[in-house]
Amino acid sequence: MPMPPYPVMCTAPGCPRPAAFKVAARWSDGQTDELKTYALACPECLPRLFAAAGAKRAACRLAPGEVLDAPGVYELSRGDRDKVLKRRPDLGVGG
Ligand SMILES: [Zn+2]
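In numbering that gives the first Met the number 0, the protein residues as written are 0 to 94.
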């Protein structure tokens with residue numbers, strides 16, 4: 000999904016800053032493979048949103064055959080598609 004042509008805002012409640020990172024996990028059912036987005040985060044909210052994504056992922060029930068990777072942090076750059084987003088393992092805690 001291409002990025003919208005306006006600034007993407009941080010998804011933390013009440014946060015007015017633009018998002019710089021995407022918290023997402025790769026999901027697959029064996030046939031389709033997609034990046035499941037949990038949150039869009041500014042640098043300040045990233046640790047909190049990343050922790051929340053981990054909790055959501057832990058609560059997620061998967062059907063047989065489904066695979067959901069641990070959430071990771073991706074750089075958000077306008078115009079890029081999910082597949083070319085650069086993963087930033089240095090910003091994640093665990094995963
Ligand atoms: Zn924020």
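Glycine is no exception: its CB is placed at the ideal position from the N, C-alpha and C atoms.
Relative to ligand 1, A50 has its C-beta separated by 6 Å or more from all heavy atoms. In the DSSP assignment, K35 is bridged to A24. Annotation: the continuous beta strand (DSSP E) that includes G71 extends over G71 to E74. Residue environment analysis places G64 among the exposed positions, since fewer than 16 neighbouring C-beta atoms fall within 10 angstroms of its C-beta.
Here the alpha carbon of C44 sits roughly 20 Å from the alpha carbon of A57.
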